[in-house]
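As structure tokens, the structure follows; a few thoughts come after it.
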Amino acid sequence: MKRKYSIITGFMGTVKDRFIDYQPARSMEEMVKMASKVKGCSGLEVVYPQNFTNAAELKKMLDAYGLGVSTVNLNVKGDEIWRYGSFSHPEASVRRKAVDAMKEAMDRAAQLECPIVTCALLNDGVDYPFEINYMDAFSHAIEGIREAAEYRKDVKISLEYKQSEPRVHCLLNNAGKMAYFAQMTEQENVGVTLDFGHALQALEVPADSASFLGQTGKLFYVHVNDNFRNWDWDMVPGTVNLWDYIEFALALKQVGYEGWITADVFPQRHDPIRIMEKTFEWMDYIFDVAEKIDEDKLRQMQKELDTFEIMDYIRSLL
Numbered sequence: 001m002k003r004k005y006s007i008i009t010g011f012m013g014t015v016k017d018r019f020i021d022y023q024p025a026r027s028m029e030e031m032v033k034m035a036s037k038v039k040g041c042s043g044l045e046v047v048y049p050q051n052f053t054n055a056a057e058l059k060k061m062l063d064a065y066g067l068g069v070s071t072v073n074l075n076v077k078g079d080e081i082w083r084y085g086s087f088s089h090p091e092a093s094v095r096r097k098a099v100d101a102m103k104e105a106m107d108r109a110a111q112l113e114c115p116i117v118t119c120a121l122l123n124d125g126v127d128y129p130f131e132i133n134y135m136d137a138f139s140h141a142i143e144g145i146r147e148a149a150e151y152r153k154d155v156k157i158s159l160e161y162k163q164s165e166p167r168v169h170c171l172l173n174n175a176g177k178m179a180y181f182a183q184m185t186e187q188e189n190v191g192v193t194l195d196f197g198h199a200l201q202a203l204e205v206p207a208d209s210a211s212f213l214g215q216t217g218k219l220f221y222v223h224v225n226d227n228f229r230n231w232d233w234d235m236v237p238g239t240v241n242l243w244d245y246i247e248f249a250l251a252l253k254q255v256g257y258e259g260w261i262t263a264d265v266f267p268q269r270h271d272p273i274r275i276m277e278k279t280f281e282w283m284d285y286i287f288d289v290a291e292k293i294d295e296d297k298l299r300q301m302q303k304e305l306d307t308f309e310i311m312d313y314i315r316s317l318l
């Protein structure tokens, strides 16, 4: 499998949490220039509209640095208007702005010769019981995404799920619910962004999630990072859950995923260029191990139900 690695633009710019500002604000060109120095990086996931609005200017800049676009990330969570949600917001006027924003992002993606828009509806959800009517919220979100998907059949909409943050309970919070949501839109160009760390946080087995989404035909895009299953820490992949990552890489191979692998890694106390290079180094290692696995031999051992023979075999490939 040819590996196409990209970086989310935001992680090359301002990085902060509730306590510390870790990285300074940088212009789009500064972020693009930094990304071009990352060994193994072929492109960027560009955030709209926070990082760019003029697609022609951005395309010219990316071409100058030899970078492609993995996806356009529509951010409907960072501005005040989205405080109480976007596509499921109780106010019809806000939902309309969300749909229009998605259509604009799809237009920008087409201008950038990128066939996919990813979006995380993380403000769509609740903090306390009884805050929303869940049936209405789910229906509103389906209607809005369906309208946007019908607008341009040549651009895919890939929705990213997460258990929590910034809402205590996100409306679209696991692989199964997200796949069902995509199917409910009745649009072939609506699918799912699988973030490895979000799958861990939701107490999923990432390989299971990748296999399930791949079988449903809804695995559109992949984010890689790692954590301890207690929070979305966005660490370098494989540094915590190496076994899970090898199984995940094998699952991607089995479902035929050939899309971008994008680093969603938080470089708070590390140089952004170095931490992204380490991300791609670790992913190369993980994919290389997965490639060594004799799948016929593995299937036979799985039939024989000898767990430790399987684990010893995988360990022998490390």
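Numbering-wise (the UniProt record's numbering), the sequence shown opens with residue 1 and increments by one.
All C-beta atoms, glycine included, are put in the ideal place defined by N, C-alpha and C.
Return the CA-CA distance between residue i and residue j, expressed in angstroms with no decimal places.
i, j, result
"arginine 96", "arginine 152", "17 Å"
"alanine 182", "valine 72", "19 Å"
"glutamate 29", "glutamate 277", "19 Å"
"serine 86", "phenylalanine 138", "12 Å"
"phenylalanine 280", "alanine 263", "8 Å"
"arginine 274", "asparagine 189", "35 Å"
"glycine 125", "aspartate 284", "36 Å"
"lysine 103", "glutamate 309", "51 Å"
"tyrosine 257", "valine 192", "13 Å"
"threonine 185", "phenylalanine 196", "24 Å"
"serine 70", "phenylalanine 248", "20 Å"
"glycine 144", "valine 168", "23 Å"
"glutamate 57", "alanine 25", "20 Å"
"tyrosine 5", "leucine 172", "26 Å"
"aspartate 226", "valine 236", "6 Å"
"isoleucine 132", "alanine 141", "13 Å"
"lysine 303", "alanine 210", "21 Å"
"isoleucine 81", "lysine 292", "49 Å"
"methionine 311", "glutamate 91", "53 Å"
"threonine 307", "tyrosine 128", "43 Å"
"cysteine 119", "lysine 77", "10 Å"
"aspartate 107", "glutamate 150", "13 Å"
"arginine 3", "phenylalanine 130", "45 Å"
"glycine 214", "valine 255", "5 Å"
"leucine 44", "isoleucine 8", "6 Å"
Beta strand (DSSP E) containing residue i: first to last residue?
i, result
"glycine 197", "Note, glycine 197: premise wrong, no beta strand (DSSP E); alpha helix (DSSP H) at 196 to 201."
"leucine 58", "From DSSP, leucine 58 is part of no beta strand (DSSP E) but of the alpha helix (DSSP H) over 55 to 64."
"aspartate 100", "Aspartate 100 -> not in any beta strand (DSSP E); alpha helix (DSSP H) instead, spanning 92 to 111."
"lysine 4", "Segment: none, lysine 4 is in no beta strand (DSSP E) and carries neither H nor E."
"glutamate 45", "41 to 48"
"lysine 37", "Here lysine 37 belongs to no beta strand (DSSP E), and DSSP marks it neither H nor E."
"leucine 159", "156 to 160"
"isoleucine 261", "261 to 263"
"residue 319", "Limits of the chain in this structure are 1 at one end and 318 at the other, which puts residue 319 out of reach."
"cysteine 119", "116 to 120"
Short of 7 Å in beta carbon distance, which residues of its chain neighbour residue i, apart from the five on each side in sequence? Order them along the chain.
i, result
"glutamate 165", "Leu122, Asp232"
"isoleucine 246", "Ile286, Val289, Ala290, Ile314"
"methionine 301", "Glu309, Ile310, Tyr313"
"alanine 105", "Tyr48, Val72, Leu74, Val117"
Got a sec, what are the start and stop residues for the alpha helix (DSSP H) residue i sits in?
i, result
"alanine 25", "Taken as a continuous stretch (DSSP letters only), alanine 25 belongs to no alpha helix (DSSP H), as it is neither H nor E."
"glycine 68", "Segment 68 to 74 is the beta strand (DSSP E) holding glycine 68; no alpha helix (DSSP H) there."
"isoleucine 81", "From DSSP, isoleucine 81 is part of no alpha helix (DSSP H); its letter is neither H nor E."
Spatial neighbours of residue i within its chain, please: C-beta separation below 8 Å, excluding the five flanking residues on both sides.
i, result
"proline 115", "Ala109, Asp154, Val155, Lys156"
"lysine 177", "Tyr161"
"lysine 297", "Tyr313"
"phenylalanine 11", "Ala263, Asp264, Val265, Phe266, Pro267, Pro272, Met276"
Excluding sequence positions up to five away, which residues of its chain have a Cβ less than 6 Å from the Cβ of residue i?
i, result
"valine 59", "According to the sequence provided, residue 59 is lysine. The question's valine does not apply to it. The answer, listed in chain order, is Leu112."
"lysine 37", "Ile273"
"alanine 251", "Ala207, Ala210, Ser211"
"serine 158", "Ile116, Thr118, Gly191, Thr193, Phe220, Tyr221"
"tyrosine 84", "none"
"tyrosine 65", "Val32, Ser36"
At the 9 Å Cβ level, is residue i part of the contact set with chain B, yes or no?
i, result
"glycine 13", "Among the chains in the structure shown there is no chain B, since it carries only a single protein chain."
Does the count of Cβ pairs from the segment 15 to 27 and the segment 267 to 274 closer than 8 Å reach three? yes
Counting pairs of beta carbons, one from the segment 215 to 223 and one from the segment 246 to 264, are three or more of them closer than 8 Å? With the cut-off at 8 Å, the segment 215 to 223 and the segment 246 to 264 touch.
Counting Cβ pairs, one atom from each stretch, are 3 or more of them under 8 Å apart for the segment 101 to 115 and the segment 47 to 57? yes
Curious, which full-length beta strand (DSSP E) runs of at least 3 residues does the segment 197 to 234 contain? 219 to 224
Using a Cβ distance threshold of 8 Å, determine whether the segment 232 to 247 contacts the segment 196 to 212, with at least three qualifying pairs required. yes
Runs of beta strand (DSSP E) lying entirely within the segment 247 to 307, each at least 3 residues, in chain order: 261 to 263
Can you give, in chain order, each stretch of the alpha helix (DSSP H) that sits fully within the segment 144 to 192 and has at least 4 residues? Secondary structure within the segment 144 to 192: the alpha helix (DSSP H) runs of 4 or more consecutive residues, fully enclosed, are 175 to 184 (chain order).
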